[in-house]
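If you read the protein sequences in the order shown, they are chains B and H. Residue numbers for the first sequence follow our numbering, beginning at 1 and rising by one. Residue numbers for the second sequence follow our numbering, beginning at 192 and rising by one. The C-beta atom is built at its ideal place from N, Cα and C for all residues, glycine as well. Predicted, not measured: the structure shown is a model, and the values here were computed from it.
Number of protein chains: 2
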Amino acid sequence: MAPTRTAEDRVLDALDQCIVRWGLGKVTIDDVANESHVSRASIYRMFPGGKDVMFEALRVRNTREFFEGMRAALLDSDSLLDLTVQIAVYATTELRNDDNLVTLLATEEATAIRELTVDGLPRIINVASAYLLPIVTAYVSHDFGVRFVDLVARLVISHFLAPSSLVDLGDPASAREFFAPLVAFIDLPVS
Amino acid sequence: MAPTRTAEDRVLDALDQCIVRWGLGKVTIDDVANESHVSRASIYRMFPGGKDVMFEALRVRNTREFFEGMRAALLDSDSLLDLTVQIAVYATTELRNDDNLVTLLATEEATAIRELTVDGLPRIINVASAYLLPIVTAYVSHDFGVRFVDLVARLVISHFLAPSSLVDLGDPASAREFFAPLVAFIDLPVS
DNA sequence: AGACACTAAGACGGCGTCTGTCTCAGTGTC
DNA sequence: GACACTGAGACAGACGCCGTCTTAGTGTCT
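Now the structure itself:
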């Protein structure tokens with residue numbers, strides 16, 4: 001109830017609530033307006049383009065918050081492998097514990113999968129780069145870091161959607177075993 | 192998955208699922224058809240009149256199951272007061288523990304309240320009479336029993352929707368204290 | 001085999017709801 | 001008083017849902 005919460009934040013919070021209650025496909029602008037106590041007109045002023053833009057804004061906010069939480073949770077690492085394992089384990093665990101996401105996968109599977117692959121993955125990778133590149137570049141070059149973050153993001157999401165019998169990225173030991181060969185050839189401890 | 196489950200049961204189960212997922216007001220016949228794997232045409236054949244009739248069928252089934260559960264849970268009683276307390280406590284507890292109902296009251300309050308008052312109460316009282324009259328008439332006449340079941344049903348629902356500071360019908364002692372004066376003048380142990 | 005009952009699939013018109021844009025009146029701030 | 005912003009609501013158009021209907025396909029009887 002802090003008055004510092006912007007109107008946009010209140011609308012996006014309301015949208016989130018509506019999605020939880022009624023599912024992605026059933027939310028209307030009127031629902032969000034009622035829930036947020038912001039008029040429909042103001043919502044359209046806030047998100048020119050309407051529903052799609054508002055939904056995209058929520059996804060961007062959620063993605064940001066996801067990686068903010070990750071950055072706050074990362075401990076000091078002594079190698080790229082160590083850092084990668086921390087990232088993969090945190091991300092996998094968070095995804096598995098995200099009740100909204102799990103519900104979405106159960107009730108609106110097609111939409112949820114698109115959001116984690118074709119539709120949403122580019123944005124996820126962009127945000128991941130913004131948050132993780134400064135950390136990753138402690139071990140590798142910028143250009144390599146970009147490709148490495150891209151790779152890890154894809155692998156984590158893929159293993160979340162379709163768990164492998166060979167590896168559990170939610171388990172540190174298993175994740176380490178999995179990533180070791182991938183980073184071995186450039187894993188240089190920071191002297 | 193028992194093959195004995197009728198198509199109607201499967202449709203009503205699907206409807207129940209859809210309501211849980213999407214809320215009363217957002218369920219479409221197509222949702223139910225997909226969820227139940229019964230075609231839309233068959234649903235209309237099954238419930239002539241469409242959506243309203245199907246919803247009413249589910250409410251009837253739910254009400255029946257509620258009172259079947261109650262009848263199975265009732266222990267032998269030695270007086271009308273004792274029986275009344277058992278009924279009130281069971282009903283109140285069940286209502287409070289009904290997750291679907293609680294969710295409905297949180298997200299679609301207006302509809303949920305109508306369902307427990309103006310719209311649904313006549314049906315509830317009818318079913319309550321059908322299940323409880325045979326038991327109640329151990330202590331009182333048929334005509335009095337009808338009016339008594341009606342009275343108890345109204346009181347339980349009223350106290351569920353608007354809890355009183357004077358009495359908690361979920362608590363046996365409190366319920367006994369509350370009902371004692373109401374049944375005192377006709378409470379005749381079955382000699 | 002043929003008659004019968006039943007179902008899934010989907011086309012159809014009608015209607016209600018949602019969308020996105022707009023106007024207008026009210027409020028608070030310089 | 002000028003300005004920026006908001007809520008309320010009208011509006012046309014699009015869309016989705018409803019309820020009915022037809023058609024083709026399946027399984028069960030005699």
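Handout entry: CB of H350(H) within 7 Å of CB of L360(H), strictly
Key = yes
Practice task
Using a Cβ cut-off of 7 Å, pull out every chain B residue sitting near G214(H), in sequence order please.
Solution key: R21, W22
Handout entry: Beta carbon of T63(B) nearer than 7 Å to that of V127(B)
Key = yes
Exercise for the section: Mind listing the chain B neighbours of K242(H)? Cutoff is C-beta to C-beta under 8 Å, in chain order. Expected result: Those within 8 Å of K242(H) in chain B number zero; the least Cβ separation is about 16 Å.
Problem - 8 Å Cβ shell around E285(H) - same chain, five flanking residues per side excluded - result: F257, G260, M261
Exercise for the section: Would you kindly report the start and end of the unbroken alpha helix (DSSP H) that includes D313(H)? Expected result: In the sequence under discussion, the amino acid at residue 313(H) is Pro, which differs from the Asp named in the question. Counting along the chain, the alpha helix (DSSP H) containing P313(H) begins and ends at 312–327.
Exercise for the section: Starting from T107(B), find everything on chain H with Cβ-Cβ shorter than 7 Å and list it in chain order. Expected result: R212
Problem - CA-to-CA distance, R201(H) to A138(B), given in whole angstroms - result: 59 Å
Problem - Length of the line joining the Cα atoms of K26(B) and W213(H) - result: 7 Å
Exercise for the section: Taking only the alpha-carbon atoms, compute the straight-line gap between D362(H) and P354(H) and give it to the nearest angstrom. Expected result: 12 Å
Handout entry: Extent of the continuous alpha helix (DSSP H) run through K51(B)
Key = DSSP places K51(B) in the uninterrupted alpha helix (DSSP H) bounded by 51–73.
Handout entry: chain H contact for M1(B) (CB, 7 Å cutoff)
Key = At M1(B) the pLDDT is 44, less than 50, meaning the model places this residue with poor confidence; the figure from the coordinates comes in the next sentence. Chain H, which has no Cβ nearer than 7 Å to the Cβ of M1(B), makes this no.
Problem - Distance CB(A175(B))-CB(A88(B)) smaller than 7 Å - result: yes
Problem - Bounding residues of the alpha helix (DSSP H) (the contiguous stretch that carries D207(H)) - result: 198–213
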